[in-house]
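A.B. asks: Position 175 (the sequence shown) corresponds to 253 in my numbering; numbering is contiguous. For every residue, glycine included, the Cβ atom is placed at its ideal position computed from N, Cα and C. Before anything else, here's the structure in question.
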Amino acid sequence: MERGDFNVNSHLEKEKLSVLSKYTQLESEYNKESLTLKGTVLFIYDYKGYALECLYKLRIVVPNNFPAEWPLVYEVGGKVRKSFHVNATGSLCLGSSLRIQSILRPNPSLLNFIEKIVFPFLFSNEYFSIYRVTPFGELEHGGAGLYQDYQEILAITDINQIISFIEKLPNLYRGHSLCPCGSNKKLRNCHSSAVRDLLDVPSKALKSELCNLKDFSRSITGLAR
Numbered sequence: 079m080e081r082g083d084f085n086v087n088s089h090l091e092k093e094k095l096s097v098l099s100k101y102t103q104l105e106s107e108y109n110k111e112s113l114t115l116k117g118t119v120l121f122i123y124d125y126k127g128y129a130l131e132c133l134y135k136l137r138i139v140v141p142n143n144f145p146a147e148w149p150l151v152y153e154v155g156g157k158v159r160k161s162f163h164v165n166a167t168g169s170l171c172l173g174s175s176l177r178i179q180s181i182l183r184p185n186p187s188l189l190n191f192i193e194k195i196v197f198p199f200l201f202s203n204e205y206f207s208i209y210r211v212t213p214f215g216e217l218e219h220g221g222a223g224l225y226q227d228y229q230e231i232l233a234i235t236d237i238n239q240i241i242s243f244i245e246k247l248p249n250l251y252r253g254h255s256l257c258p259c260g261s262n263k264k265l266r267n268c269h270s271s272a273v274r275d276l277l278d279v280p281s282k283a284l285k286s287e288l289c290n291l292k293d294f295s296r297s298i299t300g301l302a303r
């Protein structure tokens with residue numbers, strides 16, 4: 079499919095149509111590098127029997143190689159406070175790469191990304207605006223929050239072990255390899271699911287998180303001295 083002087087990824091076009099058929103107030107625009115969805119989304123999110131109607135104005139920038147690279151999501155209606163996990167670039171901080179990948183693995187579609195990753199974030203913001211607490215708990219910002227998330231998912235408390243775990247990923251090929259967590263168990267009997275998810279995380283995102291974890295490790299090491 080063509081748009082002016084560039085070709086449109088047919089897979090991305092299908093992903094776009096799936097979203098627009100459900101969220102009809104969104105508009106789409108292509109350029110050579112990405113698809114942008116922008117407009118108002120209205121959704122009802124139910125958490126443990128408590129439902130909230132949420133209305134947000136969003137701009138979602140979807141790379142042409144999605145799902146090999148994830149979208150950047152911006153809330154442009156002024157409803158998300160900057161202290162509520164908003165990156166320096168203005169995009170929403172939606173969780174660690176491992177967390178996102180583990181949620182999307184069964185069906186890494188654009189619609190699923192919006193409904194299972196973006197909407198819970200916005201619901202949490204909406205809930206906080208009413209009750210002044212977050213329904214799912216709240217991670218710290220930056221490297222500290224990444225450490226919390228990886229710690230919970232991997233059940234590894236030592237940040238340097240988490241860093242080592244990620245760094246060993248390129249050398250893991252088979253289930254009979256030793257798990258990178260240091261347990262001396264074979265991978266298939268230990269962290270096989272987490273390793274599978276991490277191997278599918280976009281490399282750019284994983285490298286960025288590894289740098290943030292290393293920076294955080296150095297900061298807490300300095301505090302301990």
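For E131, which beta-bridge partners are listed by DSSP?
C.D. replies: I122
A.B. asks: If you reduce the DSSP assignment to three classes, tell me which class I195 lands in.
C.D. replies: helix
A.B. asks: Taking C-alpha atoms, which residue in S174, C171, S161, L188 lies nearest to S207?
C.D. replies: Checked all of S174, C171, S161, L188; the closest Cα to S207 is S161.
A.B. asks: Unbroken alpha helix (DSSP H) runs of length 4 or more, entirely within the region 191-241: which are they?
C.D. replies: 197-209, 220-232
A.B. asks: Straight-line CA distance for D124 to F197?
C.D. replies: 11 Å
A.B. asks: Of all the options H254, T299, I244, R296, which has the alpha carbon lying nearest to the alpha carbon of S281?
C.D. replies: I244
A.B. asks: Would you report the Cα separation of N130 and F214, rounded to the nearest angstrom?
C.D. replies: Sequence check: residue 130 is Leu here, not Asn. So the two alpha carbons sit approximately 15 Å from each other.
A.B. asks: Would DSSP call P141 helix, strand or coil?
C.D. replies: In the three-state reduction of the DSSP assignment, P141 falls in the strand class.
A.B. asks: So, I178 versus I195, is the Cβ gap smaller than 8 Å?
C.D. replies: yes
A.B. asks: Are I241 and L291 close, meaning C-beta to C-beta below 8 Å?
C.D. replies: Cβ distance < 8 Å, so I241 and L291 count as in contact.
A.B. asks: Among R274, I298, D293, which one has its Cα closest to the Cα of I181?
C.D. replies: R274
A.B. asks: Would you say the beta carbon of L189 comes nearer than 7 Å to a heavy atom of the ligand GDP?
C.D. replies: Ligands in the displayed structure: none, and consequently the ligand GDP is not present.
A.B. asks: Let me know the secondary structure DSSP gives S112 once reduced to three states.
C.D. replies: strand
A.B. asks: My assumption, with CB atoms under 8 Å, is that V93 sits in contact with S187. Please give the rounded CB distance.
C.D. replies: Correcting the residue identity first, residue 93 is Glu in this sequence and not Val. Right, their Cβ atoms sit about 6 Å apart.
A.B. asks: Could you check which residue in S106, Y108, K135 has the C-alpha nearest to that of L120?
C.D. replies: Closest option to L120, Cα to Cα, is K135.
A.B. asks: Looking at C-beta atoms only, is the number of pairs between the region 135-144 and the region 218-227 that lie closer than 8 Å three or more?
C.D. replies: no
A.B. asks: Suppose you measure from the CA of W148 to the CA of R210; what does that come to, to the nearest Å?
C.D. replies: 30 Å
A.B. asks: Distance, Cα to Cα, E105 vs D227?
C.D. replies: 34 Å
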